[in-house]
Amino acid sequence: MAPRPHRVAVLVLEGAKPLDVGIPAQVFTTRRSMPYEVRVCGAAPGLVAGGDGLAYHVADGLDALEWAQTVFIPGYRHPDQEDPPAPVVDALRAAHGRGIRLAAISTGAFALAATGLLDGKRATTHWHYTKQLRAKHPLVNVDENVLFVDEGDVLTSAGAASGIDLCLHLVRRDHGVALSNHVARRLVAAPYRSGGQAQYVPRSVPEPIGVRFAATREWALAHLGEPLTLEDLARNANVSARTFSRRFVEDTGYTPMQWVLRARVDLARELLEASELGVEQIADVAGLGTGANLRLHFGRILGTSPSEYRHTFVRRDG
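Start counting the sequence shown at 1; every next residue gets the next number (UniProt numbering).
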């Protein structure tokens, strides 16, 4: 006798993003080759207003969470502005108390964090919202660099496409590599993606706050290929090194030399995308010295290698 399919509920909240809803619904689709059964539900049966001009008609309400063994919470619009309705938060807590596995895609992490179930745990969300998640739920250990985080009975993923990575991970965890690879082929998706979401953030250095030291930052960006020290930066800003360092951290959240390193990595990213220079040449132009040094800092900051980054972001004609 075949084992009963694993029951998956996809909880659609107001403002739900269509790709985030569709990913778990399609990955865990009810079909002969898949040992899963899916229901799409909402806070109540009926119409749920979604994001991007779409709406969803769901047949089930929160009672589907009592049926499910895994609950997915897709991302939704404006997650930092207000928490989900209290009945949704209570139902998620109750489901977790029954041993149900909870998984959030993208900004769905905010709904999961509202339950308190992420307190003291690692979690991630879309890179655009990591600061807001950290501010709204300071007890959550937000990791902004990874594609997904598995904390056993609570899981979170980064932006929408990372939901595929999370779903494939759960299939792998439940039924092994063979079924996960089968699903990946059906989706025409990579079974594994290298690196984390840091490589998808437009810049590694933070947006400047205010105008203090703006001229020095611009000067540093124009001289990244040259040796730069804290004293050089402070001299350009016409303040002491100690004052410059303290105020710079207040502005950016990084020490001056951490900021310079990230700016050099950003320059290397641009050169990998827009030029045919080799890794050693790029390292020299960006002020990182050697290819080995470039690879080291690329891995630490972006979670990938220069060659993988170039393969991902450079369009090949022909």
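Note that beta-carbon positions come from the ideal geometry of N, C-alpha and C, so glycine has one too.
Less than 8 Å divides the Cβ of T115 from the Cβ of V89. Assigned with DSSP and collapsed to three states, G22 falls in helix.
Per DSSP, I301 is one residue of the alpha helix (DSSP H) stretching across 291–302.
Around the Cβ of P256, a 10 Å sphere holds 16 or more other Cβ atoms; the residue is buried. For A43, no alpha helix (DSSP H) run applies, since DSSP gives it neither H nor E. At the C-beta level, V146 and L155 stay beyond 8 Å of one another. For the pair A64 and L224, the Cα-to-Cα distance works out to about 56 Å. Each residue's CA atom was taken as its position, placing L102 and Q281 some 47 Å apart. Annotation: the region 139–199 contains the following complete segments of the beta strand (DSSP E) (minimum length 3 residues), in chain order: 148–150, 154–157. With fewer than three CB-CB distances shorter than 8 Å, the region 124–131 does not count as touching the region 29–47. Cβ neighbours of D60 within its own chain (closer than 7 Å, five residues either side excluded): R39, C41, P45.
Judged by beta-carbon spacing, L13 lies beyond the 8 Å limit of A161, meaning their Cβ atoms are not closer than that value. Collapsing the DSSP output to three states places T243 in a helix.
Your pair V171 and S157 does not check out as a contact, with CB atoms roughly 14 Å apart and the cut at 8 Å. Nearest to G152 by alpha-carbon distance, out of V183, L117, D143, is L117. The beta carbon of L272 sits closer than 8 Å to the beta carbons of I282, P306, Y309, R310, F313, V314 from its chain, once the five residues preceding and following it are set aside; these are given in chain order. With a 10 Å radius around the Cβ and a threshold of 16 neighbouring Cβ atoms, T290 comes out exposed.
With fewer than 16 other Cβ atoms from the protein chains shown falling within 10 Å of its own Cβ, G278 counts as exposed.
Counting along the chain, the unbroken alpha helix (DSSP H) around Y309 starts and ends at 306–313. Within the same chain, and ignoring the five residues on either side of G15 in sequence, the residues whose Cβ sits closer than 6 Å to its Cβ are G51, Y76, R77.
The distance from the Cβ of A104 to that of I73 is about 4 Å, consistent with a contact at the 8 Å cut-off. A direct Cα-to-Cα measurement between F298 and L267 gives close to 11 Å.
Residue pairing from DSSP leaves E14 without any beta-bridge partner.
Around the beta-carbon of T252, 16 or more other beta-carbon atoms lie within 10 Å, marking it buried. Taking the Cα positions, P84 is about 12 Å away from T107. Shortest Cα-Cα distance from I100 to any of E231, P24, F213, R7 involves R7. The three-state secondary structure of I73, taken from DSSP, is strand. Excluding residues up to 5 positions away in sequence, D150 lie with their Cβ nearer than 8 Å to the Cβ of R173 in the same chain.
Between A25 and L62, the gap from beta carbon to beta carbon reaches 8 Å or more.
The shortest C-alpha to C-alpha distance from G163 to any of P5, R262, P18, N141 is the one to P18. Partner residues in the beta bridge of G50, as assigned by DSSP, are A16. Buried is the label assigned to L228, since at least 16 other Cβ atoms lie within 10 Å of its Cβ.
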